[in-house]
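In the numbering used here, the protein residues as written are 335 to 545. Cβ atoms here follow ideal geometry from the backbone N, Cα and C, with glycine treated the same way. The structure appears right after this line, and notes come after that.
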């Protein structure tokens, strides 16, 4: 991880974050890899919700996603739920009644990225809001790509992004941070066109009911 910051107050500080290594373990990583590859044709081009209507924006985001985990959901979802109390305490966040843990599986190949955004965009028709974001990384061994770091940014930042923290997408690593934290996915570089060699991630958003 690379951190560059100035002690200029909360708005200039890197958002709170928690990193856990070895989150799911090698057996479940192997199952996830097999599931992703077997379902390659079901991955769809990612959209972005920066406008009222979500749409594909290749100038803003390039990746593909799958929102179904098949039989693996019963193994994965409880583990994400179980880490919630620890994460809230570590990040100094208030506890809340979990309404829903929203999961999606994302693949980033060569050239994929996601520009700076936050995860708390509110849909007036949605009865819940995102409070905490988790990103879990896994990939084939040996790792066939470079880059793809998740970059955390302070709330107040300049165009040069001279204060940031980069989290490398290491195999079986989990990153958690408040959903209000600005972040981006840096471009992935890979010489392989094999889907199996993608940078895979599970995004999990912990949601609570609107007040």
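Residue range of the unbroken beta strand (DSSP E) whose run includes residue i
i           : result
residue 536 : 533–543
residue 500 : 498–501
residue 450 : 447–451
residue 429 : Neither: residue 429 is in no beta strand (DSSP E) and is coded neither H nor E.
residue 357 : Run containing residue 357: none; DSSP gives neither H nor E here.
residue 479 : 479–481
residue 436 : 434–442
residue 472 : 462–472
residue 277 : The displayed coordinates of the chain run from 335 to 545. Any statement about residue 277 would go beyond what the structure contains.
residue 517 : 517–519
residue 524 : 522–524
residue 512 : 507–512
residue 485 : 484–486
residue 402 : Looking at the DSSP string, residue 402 is not in any beta strand (DSSP E), and its letter there is neither H nor E.
Buried versus exposed, by CB contacts within 10 Å (16 or more), residue i
i           : result
residue 442 : buried
residue 453 : buried
residue 469 : buried
residue 515 : buried
residue 390 : exposed
residue 410 : buried
residue 344 : exposed
residue 444 : buried
residue 385 : Low local confidence applies: a pLDDT of 48 at residue 385 is under 50, so the model's placement there is unreliable, with the coordinate-based value given in what follows. Residue 385 should be labelled exposed.
residue 532 : buried
residue 554 : The question about residue 554 has no answer here: the residues shown for the chain are numbered 335 through 545.
residue 527 : exposed
residue 434 : exposed
residue 525 : exposed
residue 401 : exposed
residue 380 : buried
Start-to-end residues for the alpha helix (DSSP H) that takes in residue i
i           : result
residue 361 : 360–372
residue 416 : 407–416
Whole-Å CB distance - residue i paired with residue j, under 8 angstroms assumed
i           : j           : result
residue 486 : residue 396 : About 20 angstroms; that fails the 8 angstroms criterion.
residue 440 : residue 537 : 6 angstroms
residue 483 : residue 394 : Not really, about 18 angstroms apart at Cβ, beyond 8 angstroms.
residue 432 : residue 540 : 6 angstroms
residue 406 : residue 366 : 7 angstroms
residue 351 : residue 511 : 4 angstroms
residue 463 : residue 544 : 6 angstroms
Any C-beta of chain C under 8 angstroms from that of residue i
i           : result
residue 450 : In the structure shown, chain C cannot be found, because there is only a single protein chain.
Beta-carbon spacing of residue i, residue j below 8 angstroms
i           : j           : result
residue 437 : residue 403 : yes
residue 479 : residue 519 : no
residue 499 : residue 353 : no
residue 371 : residue 530 : yes
residue 413 : residue 489 : no
residue 429 : residue 465 : no
Does the pairing of the stretch 459–469 with the stretch 500–516 give three or more beta-carbon distances under 8 angstroms? yes
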